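Dropping the structure here:
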């Protein structure tokens with residue numbers, strides 16, 4: 001052993017333990033001096049120690065050169081192997097693609113698959129890196145099928161509120177050329193530049209004979225362009241009109257360009273600050289969603305005998321409500337009805353009604369029960385679905401469901417203040433938990449686009465209770481803003497789902513709630 005004079009460490013006299021290539025075996029004295037020099041900055045003296053060090057340096061350089069040569073050879077071999085692997089991988093991918101099942105899918109099936117890639121509801125203009133545009137970038141076959149499928153290109157959405165995201169005119173023109181019919185959703189904006197909106201609307205208007213749907217939010221700049229549509233809407237089947245703000249309809253007395261739309265069956269419009277008549281071919285309508293005074297509703301409903309679905313929203317009301325003694329309006333084909341005021345039911349009769357919805361308010365519980373009972377008796381109908389929105393209350397809901405046992409589906413939509421909705425929600429969950437309430441109920445749908453405190457334990461208890469009833473609850477849909485159940489609720493719902501319950505829970509889908517209330521899924525208001 002030898003102790004280093006600088007660090008005091010005991011060093012073994014075995015050079016093979018170091019990373020230095022050993023030279024010839026040296027005597028003990030030379031080795032000791034050599035090891036001491038490694039631990040100090042002292043210069044080596046001429047003699048055996050210096051010769052020993054020089055020999056080690058020479059042999060180390062030789063060994064490093066040999067290793068560098070070997071490494072270089074191995075790297076060259078690795079690069080050659082990687083190149084060969086890349087070529088084989090490309091070959092495998094190409095040959096596998098040739099036998100891919102996708103190549104055997106018939107064009108009509110692939111076209112149907114393409115239609116499912118389109119968004120269900122459009123909220124922003126189309127982009128070239130999204131469907132359907134991106135489908136033409138995959139391969140020539142996909143491009144050919146996409147271009148020959150007109151339904152992929154029929155939808156055109158323009159939102160004037162985002163001027164920096166307007167679809168380019170060449171994109172609109174290409175889409176028009178590829179489509180057979182057009183579904184135009186044009187959301188004008190009063191506060192944005194009008195010239196690009198007018199330019200795009202005029203381009204679409206040149207092809208209005210091919211419009212199948214039109215949802216439009218009008219501005220003061222767009223209103224004068226409507227006259228160009230007169231007599232050119234023969235294919236229009238669905239219409240929804242609203243105004244951007246109270247200045248958009250300034251000076252306008254009525255809109256008559258849609259009256260001659262010979263194919264129109266689904267129409268609606270929402271008011272902003274006042275009622276503006278939009279003349280429609282009422283005799284051919286099957287769907288009616290209109291905001292206007294009750295007097296105008298009466299005239300329209302009497303002139304529309306073929307309605308299957310109606311949403312009657314009374315606004316700008318100055319006239320008194322009708323008396324039950326007024327002439328009854330027969331709606332013989334009506335299947336779905338939603339009214340924003342229960343007084344509307346006073347003079348309606350709908351013997352074929354399958355679903356009815358009422359917008360309720362606090363303090364109207366007795367009115368809702370009384371008017372709804374009278375309407376159902378007058379109509380001699382057996383509706384399957386009941387929708388209560390606004391401020392649904394437990395006592396009213398229970399009274400209706402227990403009296404009209406034909407109702408098997410109950411929809412509750414909360415639109416009121418947070419505290420009111422929380423209290424009403426808790427009361428309804430407690431009411432539904434009782435076995436003697438609505439024994440024939442098979443479906444419950446609950447939703448709100450306004451966040452409020454949800455009692456998840458009551459919700460779970462209610463569903464579990466109804467699953468154990470004589471007629472088990474089969475389907476539950478809960479769509480709430482701020483949906484965030486505790487772990488116990490999640491586990492409980494999963495167990496119910498595993499047991500066969502059809503369950504849909506999660507964050508609110510506003511368009512889904514609108515469908516419950518028979519409102520337009522695009523620009524309609526809740």
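Residue numbers (UniProt numbering): 1 to 526.
Note that CB positions come from ideal geometry on N, CA and C, so glycine has one too.
What you are looking at is a predicted structure, and each value in this text was computed from that prediction instead of being measured.
So which of 349, 384 and 354 has the shortest CA-CA distance to residue 371? Restricting attention to 349, 384 and 354, the CA atom closest to the CA of residue 371 is found in 349.
List the endpoints of the continuous alpha helix (DSSP H) containing residue 315. That residue, residue 315, is in no alpha helix (DSSP H); it is neither H nor E in DSSP.
Buried or exposed for residue 1, please, with buried defined as at least 16 other CB atoms from any protein chain shown within 10 angstroms of its CB. Note that residue 1 scores a pLDDT of 42, beneath 50, so its modelled location is shaky; the value from the coordinates is reported in the next line. It counts as exposed.
So the alpha helix (DSSP H) residue 295 belongs to, where does it begin and stop? First-last of the alpha helix (DSSP H) with residue 295: 294 to 302.
Note down, one range per segment and in chain order, each beta strand (DSSP E) of at least 3 residues found wholly within the stretch 209 to 287. The qualifying runs are 211 to 218, 238 to 243 and 266 to 270.
Please go through the same chain and pick out, in chain order, the residues whose beta-carbon is closer than 6 Å to the beta-carbon of residue 457, but skip the five residues on each side of it. Excluding residues within five positions, none has a Cβ falling inside 6 Å.
What separation, rounded to the nearest whole angstrom, lies between the Cα atoms of residue 407 and residue 334? If I take the Cα positions, the gap works out to 17 Å.
With three or more beta-carbon pairs closer than 8 Å as the criterion, would you say the stretch 231 to 239 touches the stretch 201 to 210? Verdict: yes, contact present.
State the Cα-Cα distance for the pair residue 51 and residue 44, rounded to the nearest angstrom. C-alpha separation (whole angstroms): 10 Å.
Who are the near neighbours of residue 507 in its chain, counting only those whose CB is closer than 6 Å to its CB and skipping five residues on each side? Counting only residues of its own chain and dropping the five nearest sequence neighbours on each side, residue 507 has a CB closer than 6 Å to the CB of 483.
Please report the distance separating the alpha-carbon of residue 178 from that of residue 490. When rounded, the separation of the alpha-carbon atoms in residue 178 and residue 490 is 47 Å.
Helix, strand or coil at residue 63 according to DSSP, with G and I counted as helix: Per DSSP, reduced to three states, the secondary structure at residue 63 is helical.
Checking the sheet assignment: what are the DSSP bridge partners for residue 389? Answer by DSSP bridge pairing, in chain order: 359 and 413.
Let me know the secondary structure DSSP gives residue 52 once reduced to three states. Looking at residue 52 - three-state DSSP - the assignment turns out to be helix.
List the whole-angstrom C-beta distance separating residue 395 from residue 364, where the pair is believed to meet the contact cut-off of C-beta under 8 Å. Not really, about 12 Å apart at Cβ, beyond 8 Å.
Across which residues does DSSP place residue 446 in a beta bridge pair? Paired residue(s): 412 and 478.
Segments of 4+ residues assigned as alpha helix (DSSP H) that fall wholly inside the stretch 137 to 204: Within the stretch 137 to 204, the complete alpha helix (DSSP H) runs of at least 4 residues are 140 to 147 and 169 to 178.
Those residues which DSSP pairs with residue 330 across a bridge: Bridge partners of residue 330: 349.
Measuring CA to CA, which of 367, 339 and 343 is closest to residue 356? Of the candidates 367, 339 and 343, the one whose C-alpha sits nearest the C-alpha of residue 356 is 339.
Per DSSP, which residues does residue 463 bridge with? Please list them. Its beta-bridge partners do not exist; DSSP assigns none.
Across which residues does DSSP place residue 504 in a beta bridge pair? Residue 504 pairs with 477.
Is the stretch 415 to 431 touching the stretch 378 to 385, taking contact as three or more C-beta pairs under 8 Å? With a cut-off of 8 Å, the stretch 378 to 385 and the stretch 415 to 431 do not count as touching, because too few Cβ pairs lie within range.
Taking the straight line between their C-alpha atoms, what separation do you get for residue 275 and residue 227? Residue 275 and residue 227 have their C-alpha atoms roughly 19 Å apart.
CB contact flag (residue 220, residue 181, <7 Å): Cβ atoms of residue 220 and residue 181: not closer than 7 Å.
What three-state label does DSSP hand residue 74 in the structure shown? Residue state, collapsed to three classes: helix.
How far does the alpha helix (DSSP H) with residue 337 in it extend, from its first residue to its last? First-last for residue 337: 336 to 339, but that is the beta strand (DSSP E), not the alpha helix (DSSP H).
Hey, how far is the Cα of residue 296 from the Cα of residue 151? Going from the Cα of residue 296 to the Cα of residue 151 covers about 37 Å.
Quick one: what's residue 310 bridged to in DSSP? Answer is 288 and 337, bridged to residue 310.
With distances taken between CB atoms, is the gap from residue 279 to residue 300 smaller than 7 Å? Pairing residue 279 with residue 300 gives a Cβ-Cβ distance that is not under 7 Å.
At which residues does the alpha helix (DSSP H) containing residue 514 begin and terminate? Element bounds for residue 514: 510 to 516.
Classify residue 415 as buried or exposed, calling it buried when 16 or more other Cβ atoms lie within 10 Å of its own Cβ. Classification of residue 415: buried, given that the 10 Å Cβ count is 16 or more.
Neighbourhood of residue 510 by C-beta distance below 6 Å, restricted to the same chain and skipping five residues each side: For residue 510, where only same-chain residues beyond five positions count, the Cβ hits under 6 Å are 449.
Please classify residue 18 as buried or exposed, where buried requires at least 16 neighbouring CB atoms within 10 angstroms. In this predicted model, residue 18 has a pLDDT of only 45, less than 50, meaning its place in the structure is not dependable; the value taken from the coordinates is given anyway. It is exposed - the Cβ of residue 18 has fewer than 16 other Cβ atoms within 10 Å.
Does the count of Cβ pairs from the stretch 192 to 207 and the stretch 257 to 273 closer than 8 Å reach three? When C-beta atoms of the stretch 192 to 207 are compared with those of the stretch 257 to 273, fewer than three pairs fall below 8 Å, so the two segments do not count as touching.
Beta carbon of residue 437 nearer than 7 Å to that of residue 398: The answer is yes: Cβ separation under 7 Å.
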